[in-house]
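Numbering (this note's numbering), first residue to last: 141 to 544.
In structure tokens form, the structure reads like this:
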């Protein structure tokens, strides 16, 4: 952790750096990690270096909140809160996601059926504006419009330098139960029932096929009958299909998807034990996969080889939210028209139905289902054909999508 004085010094230097730039030129954020997947030509921009804003400042055990800098990864934030037996209300799936990025974009996980998106339990934002001013925005002060307008703004309104985020108590272990279904109607009815009952701490799911659908519930417990390990040889996503009950430490539960980037590590053939061994345990994480992907995007030779082997493909990398009553229809469409498998499923509802966030508003008290799918499909259509079809269907079903 760092002191308030150290943070104040960095803030002053960031303000000076911003004010020294030509305000007429485009501005971009210089950062270490990214979870954006847009491919676009690099424009000439001024880069404001905020990479040093990556520390937790304090954890208030009594009031149950953390004060943290905007480019702090969730890996670092969780590392500081777990010793207090506390965690952020919503911890996005990948260690490399920053808390500021999850607020400027959208962050979700298996606790979202209780707590909504990441931004819904943020208590305060300290934001660097384009004119060099630093303002503190809360839900009730003079900058409340900025507070409610910031989520999903992707840096267009300013950069988060510091924030306060709500924490909740945890226990050392999580008991997982994997429930299998073979019918979409029943599957989503059960998700709705479980969310309404609120008898568990976590709910998410995976659709491996139209007849192989899983809901995974998680409950905090004090003692575990055994502890599974999915940080190296064994893959969490494969365990869903073979176990009914499982136990993880709270730490490993929060990062269960990071080791294999959900199931996207298969793009690097890491479902094979020999390749996994050669790759090494220390590189089985989202940060390492992103570095490989970044290299691939800058290597014309690698792209040529991929096109030669796989043919022409369209990347379909999206998270969409669809109202629970329309979820079976979307699942049917996706299975028939897109065909990517598996698909991640995560229910979400607004934490406080009385408030609305301008750029990502949810219908109060309505349960939504997030569908996450990240792969490429073979195509002989025009560019963007499948993504546009997905977006049109989401729009028709009164859903919405976050950006990558």
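Note that CB positions come from ideal geometry on N, CA and C, so glycine has one too.
Open item on the list: Below 8 Å on the Cβ atoms is my contact criterion, and I expect residue 499 with residue 339 to pass it. Report the Cβ-Cβ distance as a whole number of Å.
Closed with: Incorrect: roughly 33 Å between the Cβ atoms, too far for contact.
TODO: Would you mind stating whether residue 386 and residue 318 have Cβ atoms separated by less than 9 Å?
DONE: yes
Open item on the list: So, with DSSP's three-state summary, where would you put residue 280?
Closed with: coil
Task: Proximal residues to residue 460 (C-beta, below 6 Å), its chain only, five neighbours per side dropped - done: 511, 534, 539 and 541
Task: Three-pair Cβ contact test at 8 Å for the segment 351 to 358 versus the segment 517 to 526 - done: no
Open item on the list: Is it the case that the segment 191 to 208 contacts the segment 142 to 154, given that we only count it when at least three CB pairs across the two stretches are under 8 Å?
Closed with: yes
Task: Cβ separation of residue 232 and residue 244, assumed to be a contact under 8 Å, to the nearest whole Å - done: Wrong, their Cβ atoms sit about 13 Å apart, outside the cutoff.
TODO: Use the C-beta contact count for residue 285: other C-beta atoms within 10 angstroms, 16 or more gives buried, fewer gives exposed.
DONE: exposed
TODO: Please go through the same chain and pick out, in chain order, the residues whose beta-carbon is closer than 6 Å to the beta-carbon of residue 462, but skip the five residues on each side of it.
DONE: 470, 509, 537 and 539
- [ ] Decide if residue 282 is buried, meaning its Cβ has at least 16 other Cβ atoms within 10 Å, or exposed.
- [x] exposed
- [ ] For residue 278, I'd like the list of residues in its chain whose CB is within less than 8 Å of its CB, leaving aside the five on either flank, ordered along the chain.
- [x] 263, 264, 265, 284 and 287
- [ ] Report the residue from 479, 204, 202 and 168 whose alpha carbon sits nearest the alpha carbon of residue 190.
- [x] 168
Task: Per-residue burial, residue 409 [other beta carbons within 10 Å of its own, 16 or more giving buried] - done: exposed
Open item on the list: Please classify residue 327 as buried or exposed, where buried requires at least 16 other C-beta atoms within 10 Å of its C-beta.
Closed with: buried
Task: Alpha-carbon to alpha-carbon, residue 234 and residue 186 - done: 28 Å
Task: Helix, strand or coil at residue 374 according to DSSP, with G and I counted as helix - done: coil
TODO: May I ask you to report which of helix, strand or coil DSSP gives residue 243?
DONE: helix
Open item on the list: Pairs of beta-carbons, one from the segment 362 to 378 and one from the segment 413 to 432, closer than 8 Å: are there three or more?
Closed with: yes
Open item on the list: Please confirm whether residue 375 has its beta-carbon closer than 9 Å to some beta-carbon of chain C.
Closed with: Absence of chain C from the displayed structure is noted, only one protein chain being present.
Open item on the list: So, with DSSP's three-state summary, where would you put residue 506?
Closed with: coil
Task: Close beta carbons around residue 334, own chain, < 6 Å, minus the five adjacent residues each side - done: 343
- [ ] Indicate whether residue 210 and residue 240 have their beta-carbon atoms separated by less than 9 Å.
- [x] yes
- [ ] Could you tell me the distance, in whole angstroms, from the CA atom of residue 261 to the CA atom of residue 452?
- [x] 42 Å
Open item on the list: Which residue wins for smallest C-alpha separation from residue 577, given the options 332, 504 and 503?
Closed with: As displayed, the chain neither begins before 141 nor continues past 544, which places residue 577 out of reach and without an answer.
- [ ] Could you please give me the residues that DSSP links to residue 361 through a beta bridge?
- [x] 313
Task: For residue 513, three-class secondary structure by DSSP - done: strand
Open item on the list: If I follow the unbroken alpha helix (DSSP H) through residue 253, where does it start and stop?
Closed with: 252 to 255
Open item on the list: Cutting at 7 Å between CB atoms, please list the residues of its own chain near residue 224, excluding the five before and the five after it.
Closed with: 199 and 201
Task: Beta-carbon spacing of residue 350, residue 472 below 9 Å - done: yes
- [ ] Look at residue 160 and residue 486 and say whether their C-beta atoms are less than 9 Å apart.
- [x] no
Task: Same chain only: Cβ atoms within 7 Å of residue 426, ignoring 5 sequence neighbours per side - done: 234, 235, 236, 398 and 401
- [ ] Quick one: using the 10 Å Cβ neighbour count with 16 as the cut-off for buried, is residue 412 buried or exposed?
- [x] exposed
Task: Anticipated Cβ contact below 8 Å, residue 212 with residue 238, distance rounded - done: 6 Å
Task: Beta-carbon proximity check, residue 361 vs residue 311, cutoff 9 Å - done: yes
TODO: Report the three-state DSSP secondary structure of residue 200 (helix, strand or coil).
DONE: strand
Task: Extent of the continuous beta strand (DSSP E) to which residue 205 belongs - done: 205 to 209
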